[in-house]
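Only one structure is covered here, and it is reproduced in the block below.
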Amino acid sequence: MVIMATSINIDLSNIGDKVAAAIQESMEKMVSEKVAAVKKDMQEVFIMKDDQNKNDASAIAGLHKQILANAKFLAPIFARTTYIPNSDLAVVTLGVGTSISGRVLYKSVRNETCPLLVGPDEASQVEALEKLLKLSSMLVNERWDDNVSEDLNRMDAQEVDEGTYYAEDL
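Structure, rendered in structure tokens:
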């Protein structure tokens, strides 16, 4: 058996260009994939942020409603001489950035805007209103017995699984 040597000629003159082109193509593909992933992540962040804003708006509306209910109970107790019965109460937030407080305001008999309740500074509107609700709920709890009549001669207590309700004895 005779083996003949064959010569293989490889042109290495442009190997550097080919390697550089392959690296460039690989880098472009990798960057393109990374950009697509970041865009997808950003879309998810914006969707989550939008959902959070909707949740915050819903939470704020619920907090306002309960704070106002508590304030209607407290206003005649705390502002006996200046509060106009059945006048409008306002729940507002005051401040910017991470220094926001919730407040309940009322119009006095002298037509001045006066604070009824002032919550502590908090980092967000929702947190400020949550603290104001906590304050108003605590005060309602403290003032309940002295300001709510549960005269059983006039009202019959009806107990059900979910709690108790009072009905006038007709």
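Numbering-wise (this note's numbering), the sequence shown opens with residue 797 and increments by one.
Cβ coordinates follow ideal geometry from the N, Cα and C atoms, glycine included.
Check your understanding: Would residue 961 be called buried (16 or more neighbouring beta carbons within 10 Å of its own) or exposed?
Key -> exposed
Exercise for review: Could you name each continuous beta strand (DSSP E) segment of 3 residues or more that falls completely within the segment 879 to 949, going from the start of the chain to the end?
Suggested key: 885 to 892, 895 to 903, 909 to 914
Review point. DSSP on residue 852, reduced to helix/strand/coil?
Key: helix
Review point. What three-state label does DSSP hand residue 958 in the structure shown?
Key: coil
Exercise for review: Run the CB neighbour count on residue 876, radius 10 Å, all protein chains shown included, and call it buried at 16 or more, exposed below.
Suggested key: exposed
Practice item. Compare the Cα-Cα distances from residue 929 to each of 841, 864, 811, 944 and report the closest residue. Key: 864
Point to revise | Neighbourhood of residue 813 by C-beta, 8 Å cutoff - its chain only, sequence neighbours within 5 removed | key: none
Point to revise | Reduced DSSP category for residue 963 - H, G, I as helix; E, B as strand; rest coil | key: strand
**Study point:** Those residues which DSSP pairs with residue 953 across a bridge
**Key:** 962
Exercise for review: Please state whether DSSP places residue 867 in a helix, a strand or coil.
Suggested key: helix
Practice item. Closer than 7 Å by C-beta to residue 869: which residues in its own chain qualify, once you throw out the five before and the five after it? Chain order, please. Key: 936
**Study point:** Same chain only: Cβ atoms within 7 Å of residue 895, ignoring 5 sequence neighbours per side
**Key:** 917
Practice item. Put residue 818 into one of helix, strand or coil per three-state DSSP. Key: helix
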